[in-house]
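Line order of the protein sequences matches chains A and B.
So that you can map any letter, position 41 of the first sequence is 40 in numbering that gives the first Met the number 0, and since no number is skipped, the others follow by simple counting.
So that you can map any letter, position 65 of the second sequence is 64 in numbering that gives the first Met the number 0, and since no number is skipped, the others follow by simple counting.
All residues carry an ideal CB built from backbone N, CA and C; glycine is no exception.
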Amino acid sequence: MTRRGGSWLLWALWAGALALFAQQGLWRAVLGCLFPSAPTPIFERQTLLSLTLEHLGLTLWAGGLVLLFGLPIAVWVSRPQGQAFKPLLENLVAVGQTFPPPAVLALALPFFGFGAQGAVLALFIYGLLPVVRHTLEGLAGLPQDVLESARGMGMSPEELLLRVELPLALPVILSGVRTSFVLILATATLAPLVGGGGLGVPIIAGLAVSNLALVAEGAAAVAILALLLDYTLARLEATLAPWS
Amino acid sequence: MIRFENVTKRYGQAEALGGVSLEVAQGELCVLLGPSGCGKTTLLRLVNRLIEPTSGRIWVGGRDVMSLNPVELRRGMGYVIQSIGLFPHMTVLENVGVVPKLLGWPREKRERRSREMLALVGLEPETFLYRYPRELSGGQAQRVGLARALAADPPILLMDEPFGAVDPPTRARLQEEFLKLQAALRKTILFVTHDLEEAVRLADRIGLMNGGRIEQIDPPIRLLTNPQTPFVERFLGESRALLVLERHHLSELLKPLQATSRDGLPVLSLSATARDALSQMIVAGSDLALVQNQRGELVGEVWLSAVLALCRGARFSGDGRGKEARP
Numbered sequence: 000m001t002r003r004g005g006s007w008l009l010w011a012l013w014a015g016a017l018a019l020f021a022q023q024g025l026w027r028a029v030l031g032c033l034f035p036s037a038p039t040p041i042f043e044r045q046t047l048l049s050l051t052l053e054h055l056g057l058t059l060w061a062g063g064l065v066l067l068f069g070l071p072i073a074v075w076v077s078r079p080q081g082q083a084f085k086p087l088l089e090n091l092v093a094v095g096q097t098f099p100p101p102a103v104l105a106l107a108l109p110f111f112g113f114g115a116q117g118a119v120l121a122l123f124i125y126g127l128l129p130v131v132r133h134t135l136e137g138l139a140g141l142p143q144d145v146l147e148s149a150r151g152m153g154m155s156p157e158e159l160l161l162r163v164e165l166p167l168a169l170p171v172i173l174s175g176v177r178t179s180f181v182l183i184l185a186t187a188t189l190a191p192l193v194g195g196g197g198l199g200v201p202i203i204a205g206l207a208v209s210n211l212a213l214v215a216e217g218a219a220a221v222a223i224l225a226l227l228l229d230y231t232l233a234r235l236e237a238t239l240a241p242w243s
Numbered sequence: 000m001i002r003f004e005n006v007t008k009r010y011g012q013a014e015a016l017g018g019v020s021l022e023v024a025q026g027e028l029c030v031l032l033g034p035s036g037c038g039k040t041t042l043l044r045l046v047n048r049l050i051e052p053t054s055g056r057i058w059v060g061g062r063d064v065m066s067l068n069p070v071e072l073r074r075g076m077g078y079v080i081q082s083i084g085l086f087p088h089m090t091v092l093e094n095v096g097v098v099p100k101l102l103g104w105p106r107e108k109r110e111r112r113s114r115e116m117l118a119l120v121g122l123e124p125e126t127f128l129y130r131y132p133r134e135l136s137g138g139q140a141q142r143v144g145l146a147r148a149l150a151a152d153p154p155i156l157l158m159d160e161p162f163g164a165v166d167p168p169t170r171a172r173l174q175e176e177f178l179k180l181q182a183a184l185r186k187t188i189l190f191v192t193h194d195l196e197e198a199v200r201l202a203d204r205i206g207l208m209n210g211g212r213i214e215q216i217d218p219p220i221r222l223l224t225n226p227q228t229p230f231v232e233r234f235l236g237e238s239r240a241l242l243v244l245e246r247h248h249l250s251e252l253l254k255p256l257q258a259t260s261r262d263g264l265p266v267l268s269l270s271a272t273a274r275d276a277l278s279q280m281i282v283a284g285s286d287l288a289l290v291q292n293q294r295g296e297l298v299g300e301v302w303l304s305a306v307l308a309l310c311r312g313a314r315f316s317g318d319g320r321g322k323e324a325r326p
């Protein structure tokens with residue numbers, strides 16, 4: 000089946016990418032060629048692989064929190080009980096995204112101190128909007144006749160939500176998740192500002208000492224991860240919603 | 000089986016139903032007919048409590064629906080709507096098995112039932128079980144909708160313009176098969192349509208509605224021949240006599256085969272109606288038609304005079320225009 004083949008390809012791509020990040024020598028040689036004037040062509044204090052894993056860790060933590068809080072809240076305000084809070088939530092998440100991430104990072108500093116927690120929090124706030132908005136849209140845009148026949152057949156509100164509404168809204172929700180995760184992954188490069196680690200470390204270090212090779216190292220790795228993550232979530236969408 | 004007692008429904012100032020009383024007997028196919036906005040769908044949706052009455056009572060199987068849990072109530076009756084509302088994310092198998100699953104049937108029983116139901120509505124199970132609704136034609140989707148409504152074997156079916164969205168030939172075939180099914184299953188059916196012909200073809204009784212009230216409720220032939228109000232007369236229209244013919248099958252009019260020359264005579268099947276025969280005779284310009292059985296053997300003949308005698312026997316009242324419409 001093509002779906003099986005697709006997931007096999009996906010694992011191979013991830014393994015390949017991580018193997019590529021483990022090739023310190025290769026990166027040193029290539030970046031050394033591209034930036035001959037750079038004193039050190041790659042970041043020496045930490046391997047690219049460990050920076051990558053840190054970066055993915057930050058992304059998954061923040062993304063996980065987005066799913067954990069964003070999804071249930073969006074579902075709740077789409078129900079009659081929570082309807083009154085819908086405009087409030089929409090505005091809050093919109094403000095969350097317009098707030099510049101470096102400012103959130105700075106504001107989180109006194110509460111969480113120096114380290115990854117502040118970064119995760121800022122990324123979480125920043126990434127809420129796409130998930131919440133897509134979930135609301137997905138649940139609002141369902142075909143009325145399908146809901147009507149589901150009710151007419153005797154589904155309780157819970158059964159309707161779990162068996163019909165969420166599965167049907169899934170493609171839209173997942174496209175929000177995809178946007179959110181890629182956004183978080185890219186923005187996580189700011190985490191080192193509060194001591195969060197990740198692929199932002201060589202970028203920010205490179206900017207500080209005007210070493211473009213370090214900036215390129217971090218940026219290239221983030222770009223590869225972003226493409227891979229986007230593709231992974233697109234595959235997930237196709238697997239979970241085979242009917243569309 | 001279903002009884003409405005002086006039921007009204009208001010939306011603010013607007014009156015959707017103004018005191019409807021109606022009883023549908025067990026095994027009866029009762030059609031609610033009328034123009035858009037006459038309240039027929041409202042009346043239907045009161046039965047499974049998708050809406051609730053402003054006043055009056057609705058009884059199902061001797062129990063007041065307002066005293067029942069709406070979810071339980073709905074699981075006990077099949078529901079088919081015009082747009083069908085199949086679940087796009089479920090296969091045909093899962094769609095048909097929705098109510099059995101809600102009722103907690105084990106998996107194998109659900110699957111066996113889905114197969115049976117598909118076969119019953121004329122779909123080859125092996126071909127269709129694993130398709131998604133978007134892979135079905137309109138007629139096939141309609142059959143799946145019916146199979147889904149019948150899956151848990153409910154005694155009552157509520158149908159809201161179930162054949163409204165398919166093309167005329169498919170609709171005619173679905174109606175015919177639906178009648179055969181009903182002859183075997185004997186469900187209590189409340190069926191909403193705005194199509195007079197469909198109502199005449201299917202109904203045991205037709206309730207003709209207008210402005211939130213039932214104008215007249217009668218068996219089709221009686222309704223066609225004895226309209227009680229000007230509205231009913233106008234709604235039936237001036238060709239209502241042809242619809243009377245719709246209710247008579249050729250098997251009733253059959254005479255032994257005597258025609259010597261068969262050239263140019265129309266040939267109809269035994270299941271055709273007197274109306275079909277009349278139409279074919281007009282086309283052929285003859286006053287005689289031949290009738291054949293399913294195997295294609297001629298079994299008799301039908302005379303135009305016999306067809307006309309049906310209408311003569313019907314004794315129409317009124318002139319089909321309604322009193323107010325007269326010049």
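Cβ shell of P154(B) (< 8 Å), same chain only, five flanking positions each side left out: M0, Q25, G60, G75, M76, K186 and T187
Amino acids of chain A, ordered along the chain, whose beta-carbon sits closer than 7 Å to that of S35(B): What S35(B) touches in chain A: nothing, since even the nearest Cβ is about 17 Å away.
T412(B) - partner residues in DSSP beta bridges: Outside the displayed range of chain B (0 to 326) lies residue 412(B), so it cannot be described from this structure.
Chain B contacts made by the stretch 131–155 of chain A, where a contact means CB separation under 9 Å: Taking 9 Å as the Cβ-Cβ cut-off, the stretch 131–155 of chain A approaches chain B at P142, Q143, D144, V145, L146, E147, S148, A149, R150, G151, M152, G153, M154 and S155, given in chain order.
Of the residues Q227(B), L264(B) and L145(B), the one placed nearest I213(B), counting alpha carbons only: Ranking the options by Cα distance to I213(B), first place goes to Q227(B).
Cα-Cα separation, L226(A) to S155(A): 41 Å
Chain-ordered neighbours of L101(B) on chain A, where CB pairs are closer than 8 Å: M152, G153, M154 and E158
V19(B) classed as buried or exposed, judged by whether at least 16 other C-beta atoms fall within 10 angstroms: With 16 or more other CB atoms across the displayed protein chains lying within 10 angstroms of its CB, V19(B) is buried.
Other residues of its chain near L146(A): CB distance less than 8 Å, five sequence neighbours each side excluded: L159, V163 and E164
Test item: CB-CB of R73(B) and G96(B) under 8 Å: no
Nearest-angstrom Cα separation, counted from A276(B) out to F162(B): 25 Å
Any C-beta of chain B under 8 Å from that of P79(A): no
Cα-Cα separation, G206(B) to L16(B): Here the alpha carbon of G206(B) sits roughly 14 Å from the alpha carbon of L16(B).
Start and end residues, beta strand (DSSP E) containing R212(B): R212 to D217
Completely contained alpha helix (DSSP H) runs for the stretch 263–296 of chain B, where each covers 4 or more residues: 273–283
Distance, W10(A) Cα to G114(A) Cα: 31 Å
At least 3 beta-carbon pairs within less than 8 Å: the stretch 250–264 of chain B vs the stretch 233–242 of chain B: no
Coil, strand or helix - A24(B) by DSSP: coil
Under the three-state DSSP convention, the category R62(B) falls into: strand
Bridge partner(s) assigned by DSSP for S54(B): T7(B)
Interface partners of V163(A) on chain B, CB under 7 Å: F86
Ranges of the alpha helix (DSSP H) found wholly within the stretch 238–266 of chain B, counting only runs of at least 4: Complete alpha helix (DSSP H) runs here, min 4: 239–245.
Nearest candidate by alpha-carbon position, reference L189(B), set T7(B), R130(B) and A202(B): A202(B)
The stretch 214–231 of chain A touching the stretch 190–204 of chain A, judged by at least three CB pairs closer than 8 Å: yes
Where the beta strand (DSSP E) containing D159(B) begins and where it ends: Where D159(B) is concerned, the enclosing beta strand (DSSP E) stretches over I155 to D159.
Opening and closing residue of the beta strand (DSSP E) in which L67(A) lies: Counting along the chain, L67(A) falls outside any beta strand (DSSP E), and DSSP gives it neither H nor E.
Where the beta strand (DSSP E) containing G206(B) begins and where it ends: R204 to N209
Below-8 Å beta-carbon distance, L130(B) vs any chain A residue: The amino acid at residue 130(B) is misidentified as Leu; the sequence shows Arg. It does not: the Cβ of R130(B) has no partner Cβ on chain A nearer than 8 Å.
Validate contact between the stretch 33–45 of chain B and the stretch 99–110 of chain A using beta carbons, cut 8 Å, 3 pairs: Under the 8 Å Cβ criterion, the stretch 33–45 of chain B does not count as touching the stretch 99–110 of chain A, having fewer than three qualifying pairs.
Residue from P219(B), F315(B), A288(B) and R311(B) with nearest C-alpha to C29(B): P219(B)
Cα-Cα separation, D217(B) to L21(B): 11 Å
Cα-Cα separation, C37(B) to L249(B): 35 Å
Stretch pair the stretch 122–131 of chain A + the stretch 177–187 of chain A: three plus CB contacts closer than 8 Å: yes
Neighbour flag for W242(A) against chain B, beta carbons, 8 Å: yes
Integer Cβ distance of V79(B) from G144(B), believed to fall under 8 Å: 5 Å
Length of the line joining the Cα atoms of R133(B) and L228(A): 30 Å
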